[in-house]
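Report on the structure given below.
There are 2 protein chains.
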Amino acid sequence: MKARVESDAQGRRQVYEACLEPCAIEQGMRIIGGKWTGSILWHLQDGPVRFNDLARMVGGASKKMITERLRQLETQGLVRREVMATAPVSVQYEITEIGRSALGFLDELRKWSEELPQDIHAASRP
Amino acid sequence: MKARVESDAQGRRQVYEACLEPCAIEQGMRIIGGKWTGSILWHLQDGPVRFNDLARMVGGASKKMITERLRQLETQGLVRREVMATAPVSVQYEITEIGRSALGFLDELRKWSEELPQDIHAASRP
DNA sequence: CAGAATCCAACCGGATACTG
DNA sequence: CAGTATCCGGTTGGATTCTG
């Protein structure tokens, strides 16, 4: 999992590349690190939310983005989609148990992020 | 921080958009969610590492990427760069206290990712 | 060794307009 | 309401080559 650098008997350095592929951290980031993904899961933690409400809750994201992320989360099994047979049609999104299992460190991330010196966020813009 | 959907006395739904900007989760992701960023920090946790060693440890990343992420982490104060006056020149990268404070949930992320059903990772490719 | 420079194809994501 | 379709500029990131 973690690569090491050591020196052999002759003092030559050697890199043990134990983290070639797949790296769990990178893999995990590709699941919940996408733009808006974390926010979407976060806003689903208290129960099902309808599409347009979700789009409003995740401030700044376009409906196109919300749709794409939701589709991805659905195929990954982190979110469940339910169509209510009403008129006009209503669609609910609900977090699954797998999705819920990510909320723990999403909260860790939130706390970490909030406690950072403010200028760090400023320095994070391209 | 978290948006809510409620119904008023007349039964009309209302979205309280408490998560407009800045959203701590998104902000945090923009710091450590970048490609290779997590891996870089992860491989610095046991002490300073030289540039080329780091490039080998973070499997799959080009030197260009490693450089870019390291520069970003440096301006954000998560990583410290030290040039050793040797010949040929040697450059060390060391994690700072702020950077170290991220290792906690990076490890949470790693554990979460490792315990996921394998096919989820497969479903995460575009 | 530790990058910088350049090139370029692929992808991302916002804006806008349209639909059942 | 809950999307889909299309356009399109900007960014990303790999490959390659060069340097002190």
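So the sequence lines, in the order shown, correspond to chains A and B.
So that you can map any letter, position 78 of the first sequence is 78 in UniProt numbering, and since no number is skipped, the others follow by simple counting.
So that you can map any letter, position 1 of the second sequence is 1 in UniProt numbering, and since no number is skipped, the others follow by simple counting.
All residues carry an ideal CB built from backbone N, CA and C; glycine is no exception.
Sequence-distant residues of its chain with Cβ nearer than 7 Å to residue i (five each side left out)
i                       : result
isoleucine 25 (chain A) : none
alanine 123 (chain B)   : none
arginine 69 (chain B)   : Gly34, Trp36, Thr37 and Ile40
Beta-carbon contacts of residue i that lie in its chain and below 8 Å, excluding the five residues immediately before and after
i                       : result
arginine 50 (chain A)   : Ser90, Val91, Gln92 and Tyr93
arginine 100 (chain B)  : Gln45
valine 58 (chain A)     : Trp36, Ser39, Ile40, His43 and Ile66
leucine 73 (chain B)    : Thr37, Ile40, Leu41, Val79 and Gly99
methionine 29 (chain A) : none
threonine 86 (chain B)  : none
methionine 84 (chain A) : Ser90, Val91 and Gln92
aspartate 106 (chain B) : According to the sequence shown, residue 106 (chain B) is leucine rather than aspartate. Cβ neighbours of leucine 106 (chain B) beyond the five flanking positions: Ile32, Gly38, Leu41 and Trp42.
Identity of the residues DSSP links to residue i by a beta bridge
i                       : result
methionine 84 (chain A) : A:Ser90
isoleucine 95 (chain B) : B:Val79
arginine 50 (chain A)   : A:Gln92
Beta-carbon contacts of residue i that lie in its chain and below 6 Å, excluding the five residues immediately before and after
i                     : result
alanine 61 (chain B)  : Trp36
residue 135 (chain A) : Residue 135 (chain A) lies beyond the residue range present for chain A, which begins at 1 and ends at 126; the question has no answer from this structure.
alanine 55 (chain A)  : Lys63 and Ile66
Cβ distance (whole Å) where residue i is taken to contact residue j below 8 Å
i                       : j                       : result
glutamate 115 (chain A) : glycine 104 (chain B)   : Rounded, the Cβ-Cβ distance is 12 Å, inconsistent with contact.
glycine 33 (chain B)    : glycine 33 (chain A)    : 4 Å
glutamine 118 (chain A) : serine 113 (chain B)    : Actually they are not in contact, since the Cβ atoms of glutamine 118 (chain A) and serine 113 (chain B) sit about 30 Å apart, beyond 8 Å.
isoleucine 31 (chain B) : isoleucine 31 (chain A) : About 18 Å; that fails the 8 Å criterion.
Inset, instruction - Using a Cβ-Cβ cut-off of less than 9 Å, list which residues of the stretch 75 to 99 of chain A approach chain B; keep chain order. - result: Thr75, Gln76, Gly77, Leu78 and Ile98
Inset, instruction - Please determine if the stretch 70 to 78 of chain B and the stretch 95 to 112 of chain B are in contact, where contact requires at least 3 C-beta pairs separated by less than 8 Å. - result: yes
Inset, instruction - Scan the stretch 99 to 110 of chain B for residues whose Cβ lies nearer than 8 Å to a Cβ of chain A and list them as they occur along the chain. - result: Ser101, Ala102, Gly104, Phe105, Leu106, Glu108, Leu109 and Arg110
Legend entry - Near-chain B residues of the stretch 22 to 34 of chain A - C-beta to any C-beta below 9 Å: Pro22, Cys23, Ala24, Ile25, Glu26, Gln27, Gly28, Met29, Arg30, Ile31, Ile32, Gly33 and Gly34
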